[in-house]
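K.L.:
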Amino acid sequence: MNLLFIHDGPLFYDEKGNYYEFAYHELYERYSYMADDITFMMRTKPISGNKKFTLVPREIKVVNVPNFKTPKAFFTKRRIAKNIVESQVKKSDIVVLRTQSSIAQLALEYIKKYNKPYIIECVGCSWDSYWNHSLLGKIVAPYMYYKTKKAIKNAPYVYYVTKEFLQKRYPTKGKTVSCSNVVLDKLDKLVLERRLEKISKFDPRQRLVLGTAAAIDTRYKGHEYVIKAIPKLVKLGYNVEYRLAGGVTGQKPNTFLKDLAVSLGVNDRVVFCGSLSAKEIMSYYDDLDIYVQPSKQEGLPRAVIEAMSRGCPCIGTDIAGIPELLPDLCLFKKGRYDEIIKTLGYLLESDLAYLAMENYKHAKLYEREKLNRIREEFYYNFMIENNLLQR
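Structure representation (structure tokens):
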């Protein structure tokens with residue numbers, strides 16, 4: 561059985577022909593339930609240096625599609641992209657499309673032409689993604705929102721990563737499942753006990769460690785608003801340190817956040833931790849006092865759930881799936897550093913031990929065994945209804 565997974569990507573490759581990723585964790589394990597021959601079709605980029613991305617399993621084939629999203633490339637590379645997409649869709653048995661993807665939009669034409677069974681994964685909002693990306697993104701946001709909404713409405717099977725947000729914004733006539741892409745190993749109760757001990761000794765005026773885990777060259781992740789909040793927090797008497805875990809998605813260095821910290825006189829309080837491994841990121845969360853998700857656009861953020869699994873108190877913007885994870889007390893308006901300050905103030909006056917226990921309890925819903933059962937039941941029904949188990 562051949563399964564084709566389609567998204568814009570990117571995947572990264574080195575001079576030895578190895579492929580790496582930072583956003584497609586555990587997809588091989590997931591899709592191997594349906595197929596033994598799996599291909600990822602998306603944009604690829606060269607990588608150099610010691611970047612801590614995850615090696616793509618060698619069992620996965622990778623097909624590169626040229627980037628045709630710039631105005632110039634649209635006319636020079638789109639035809640090439642269409643030929644590649646048609647060829648791969650034609651020889652596949654199952655197609656999985658991840659939304660917010662121009663390549664996936666191309667593929668829909670050929671999925672229907674060759675009558676291929678398919679699943680759409682709705683992992684984020686096209687409007688939010690494009691609108692918060694750039695000036696060009698604001699121009700194309702209405703069109704991509706319309707295309708995504710239409711595609712999901714008419715899809716026979718839709719996999720939503722949220723419980724409510726994406727379902728309301730992108731409803732479908734098809735069969736659905738609500739199942740996060742975040743998968744946690746079985747939670748260790750000792751983690752919560754250590755967090756509660758840490759909270760019992762916590763004094764934010766002596767030391768307040770905030771953190772965000774996201775690519776630092778992705779402006780819509782909102783790191784800048786936390787940095788802008790630091791001078792005021794210091795004036796209020798908090799000894800703040802802000803730790804940013806995450807690398808860059810492209811090859812070009814991005815100094816915007818570092819330059820901002822210098823201009824505000826807080827560069828000694830902003831620590832760039834770089835890309836962290838799966839083991840390192842858990843230690844990173846353990847060392848934080850408060851996790852902050854200041855995004856302007858999200859689906860259901862992995863980092864928030866991971867931080868919750870470590871019993872870490874969290875705050876985040878009141879967008880997308882974040883309100884499904886955090887109580888109102890812990891939410892703030894996007895793009896507002898003053899809102900971050902206000903919400904932190906409320907949080908630091910609240911019962912942090914209680915919030916830690918609630919976060920840990922909520923995170924248990926995302927343990928691997930529980931989500932695998934939900935996901936595999938959806939895939940099994942998809943296979944049965946499309947007569948794929950007999951092949």
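Under our numbering, the first residue of the sequence shown is numbered 561, with each subsequent residue one higher.
Glycine is no exception: its CB is placed at the ideal position from the N, C-alpha and C atoms.
Note that the structure is a prediction, hence the values are computed from the model and not measured.
Does DSSP put asparagine 947 in a helix, in a strand, or in coil?
P.N.:
Here asparagine 947 sits in coil by DSSP.
K.L.:
Contact between the region 667-678 and the region 568-583 is defined here as three or more beta-carbon pairs at a separation below 8 Å; is this criterion met?
P.N.:
Cβ pair count under 8 Å is below three, so no.
K.L.:
What is the residue span of the alpha helix (DSSP H) that phenylalanine 857 lies within?
P.N.:
The residue you asked about is not phenylalanine; residue 857 is glutamine in the sequence shown. Counting along the chain, glutamine 857 falls outside any alpha helix (DSSP H), and DSSP gives it neither H nor E.
K.L.:
Residues in the same chain with beta-carbon distance under 7 Å from glycine 806, minus the five sequence neighbours each way, listed in chain order, please.
P.N.:
Ala773, Ala774, Ala775, Ile776, Ser835.
K.L.:
Would you please state the rounded distance, in angstroms, between the beta carbons of arginine 870 and arginine 767? I believe it to be under 8 Å.
P.N.:
So it is not a contact: roughly 18 Å between Cβ atoms.
K.L.:
Which of the three DSSP states, helix, strand or coil, is assigned to aspartate 597?
P.N.:
If DSSP states are grouped into helix, strand and coil, aspartate 597 belongs with the strands.
K.L.:
Run through the region 861-886 for me and flag every whole alpha helix (DSSP H) of 4 or more residues, listed as ranges in chain order.
P.N.:
Counting whole runs of 4 or more residues, the region 861-886 contains the alpha helix (DSSP H) stretches 862-869.
K.L.:
Per DSSP, what kind of secondary structure is threonine 614 in: helix, strand or coil?
P.N.:
If DSSP states are grouped into helix, strand and coil, threonine 614 belongs with the strands.
K.L.:
Three or more beta-carbon pairs under 8 Å between the region 821-829 and the region 695-715, yes or no?
P.N.:
Contact between the region 821-829 and the region 695-715 is absent, because fewer than three Cβ pairs lie under 8 Å.
K.L.:
Going by C-alpha distance, which of Met842, Tyr730, Val616 is nearest glycine 859?
P.N.:
With distances taken between Cα atoms, glycine 859 lies closest to Tyr730.
K.L.:
Work out the CA separation of aspartate 763 and proline 873 for me, nearest whole Å.
P.N.:
Those two C-alpha atoms are separated by around 14 Å.
K.L.:
Please classify phenylalanine 572 as buried or exposed, where buried requires at least 16 neighbouring CB atoms within 10 angstroms.
P.N.:
Counting Cβ neighbours within 10 Å, phenylalanine 572 comes out buried, since at least 16 surround it.
K.L.:
Starting from lysine 902, trace the alpha helix (DSSP H) both ways and give me its first and last residue.
P.N.:
Note, lysine 902: alpha helix (DSSP H), 897-908.
K.L.:
Using alpha carbons as the reference points, say which of Glu909, Tyr719, Gly771 lies closest to asparagine 513.
P.N.:
Past the edges of the chain, shown from 561 to 951, lies residue 513, and the structure says nothing about it.
K.L.:
Can you look up alanine 916 in the DSSP assignment and give me helix, strand or coil?
P.N.:
Helix.
K.L.:
Less than 8 Å between the C-beta atoms of isoleucine 787 and alanine 821, yes or no?
P.N.:
Closer than 8 Å, so yes.
K.L.:
Could you spell out where the beta strand (DSSP E) holding isoleucine 607 opens and where it closes?
P.N.:
Unbroken run through isoleucine 607: none, as it is neither H nor E.
K.L.:
With 16 as the cutoff for other CB atoms within 10 Å, does proline 702 come out buried or exposed?
P.N.:
With fewer than 16 other Cβ atoms within 10 Å, it is exposed.
K.L.:
In angstroms, rounded to a whole number, what distance separates the CA positions of glycine 771 and proline 861?
P.N.:
C-alpha separation (whole angstroms): 14 Å.
K.L.:
Which of the three DSSP states is assigned to phenylalanine 938 in this structure?
P.N.:
Correct three-state label for phenylalanine 938: helix.
K.L.:
Between which residues of its own chain and proline 716 is the CB-CB distance below 6 Å, once the five residues before and five after are set aside?
P.N.:
Gly734, listed in sequence order.
K.L.:
Among residues of its own chain, excluding the 5 on either side of isoleucine 879, which ones have a beta-carbon nearer than 8 Å to its beta-carbon?
P.N.:
Around isoleucine 879: Asp688, Ser855, Lys856, Gln857, Glu858, Lys894.
K.L.:
Ignore the nearest five residues each way along the sequence and tell me which others in phenylalanine 600's own chain have a CB closer than 6 Å to its CB.
P.N.:
Correct list, in chain order: Phe565, Ile620, Val622.
K.L.:
Pairing CB atoms from the region 894-905 with CB atoms from the region 840-847, are three or more of them under 8 Å?
P.N.:
With a cut-off of 8 Å, the region 840-847 and the region 894-905 do not count as touching, because too few Cβ pairs lie within range.
K.L.:
Would a C-beta distance cut-off of 8 Å place cysteine 739 and arginine 590 closer than the cut-off?
P.N.:
Going by C-beta atoms, cysteine 739 is not nearer than 8 Å to arginine 590.
K.L.:
How would you label asparagine 965, buried or exposed, when you count the other beta carbons within 10 angstroms and need 16 or more for buried?
P.N.:
Here the chain covers residues 561 to 951 and nothing more, so residue 965 does not appear.
K.L.:
Could you work out which residue in Lys758, Thr778, Val743, Gly876 is closest to serine 694 when comparing CA atoms only?
P.N.:
Of Lys758, Thr778, Val743, Gly876, the residue nearest in Cα terms is Thr778.
K.L.:
Going by the CB atoms, is the gap between glutamate 866 and phenylalanine 725 shorter than 8 Å?
P.N.:
Result no, Cβ atoms of phenylalanine 725 and glutamate 866 do not sit closer than 8 Å.
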